[in-house]
Amino acid sequence: MRLLPSLFMFMLLSACSQEDATGPGKVRWDQESCARCAMAVSDRNYAAQVRGADAGSITKLYKFDDIGCAVIWLKKQQWKDDPRTEIWVTDHQNGQWIDARKASYVTGKITPMGYGLGAQPEATEGSLDFAGARKHIMIVESTEHIHRGRHAHQ
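Each position in the sequence shown, counted from 1, maps to that position plus 173 in this note's numbering.
Encoded structure:
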């Protein structure tokens with residue numbers, strides 16, 4: 174029976190260390206909801222994650238169905254400019270996680286929330302950097318995601 178308290182303590186410490194981790198976390202596809210729009214995170218080629226310093230130094234992982242949701246949601250967070258904030262997006266070609274700030278974005282993709290951006294590690298002709306992708310997302314949000322005079326995903 175002495176093993177039981179030790180096992181419990183190990184599990185507790187393991188859970189805490191995952192909260193303080195860096196990098197993208199595991200996604201339970203079709204079982205988790207987007208932190209912004211509450212749609213299921215299911216498309217493995219257009220998902221995003223944000224790991225941020227929520228409530229001080231504790232990091233928390235937020236998952237999104239589209240990089241557009243992640244960018245708009247992050248804009249409203251007090252800690253958006255904290256250097257510890259990480260943004261990850263899946264490569265539209267193979268579903269691998271890449272750093273969203275280092276990715277290049279191609280337009281014209283059919284994405285879960287209609288922002289139309291596919292991320293990839295290499296730049297191609299006409300691709301956008303992260304700043305350009307953010308600008309593209311804000312334009313789509315303000316011109317195409319309008320419903321009866323209000324933004325559709327507030």
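For each residue, glycine too, the CB sits at the ideal point set by N, CA and C.
Could you compute how far the alpha carbon of residue i sits from the alpha carbon of residue j?
i, j, result
"ARG217", "GLY291", "11 angstroms"
"ILE310", "TYR288", "6 angstroms"
"GLY241", "PRO256", "21 angstroms"
"GLY268", "LYS248", "25 angstroms"
"THR297", "ALA194", "32 angstroms"
"PRO285", "THR232", "26 angstroms"
Run through DSSP, which three-state label would residue i get?
i, result
"LEU234", "strand"
"ARG224", "strand"
"LEU247", "helix"
"GLY305", "helix"
"GLY241", "helix"
"GLU317", "coil"
If residue i sits next to residue j, beta carbons under 8 angstroms apart, how far is it from one beta carbon to the other, in whole angstroms?
i, j, result
"LYS236", "ALA211", "Going by Cβ atoms, the distance from LYS236 to ALA211 rounds to 11 angstroms, so no, they are not a contact pair."
Within 10 angstroms of its Cβ, does residue i collect 16 or more other Cβ (buried), or is it exposed?
i, result
"TRP202", "exposed"
"ALA304", "exposed"
According to DSSP, residue i sits in a beta bridge with which residue or residues?
i, result
"GLN266", "DSSP output for GLN266 lists no bridge partner at all."
"TRP261", "GLN222, ASP272"
"GLN293", "SER277"
"SER206", "ALA213"
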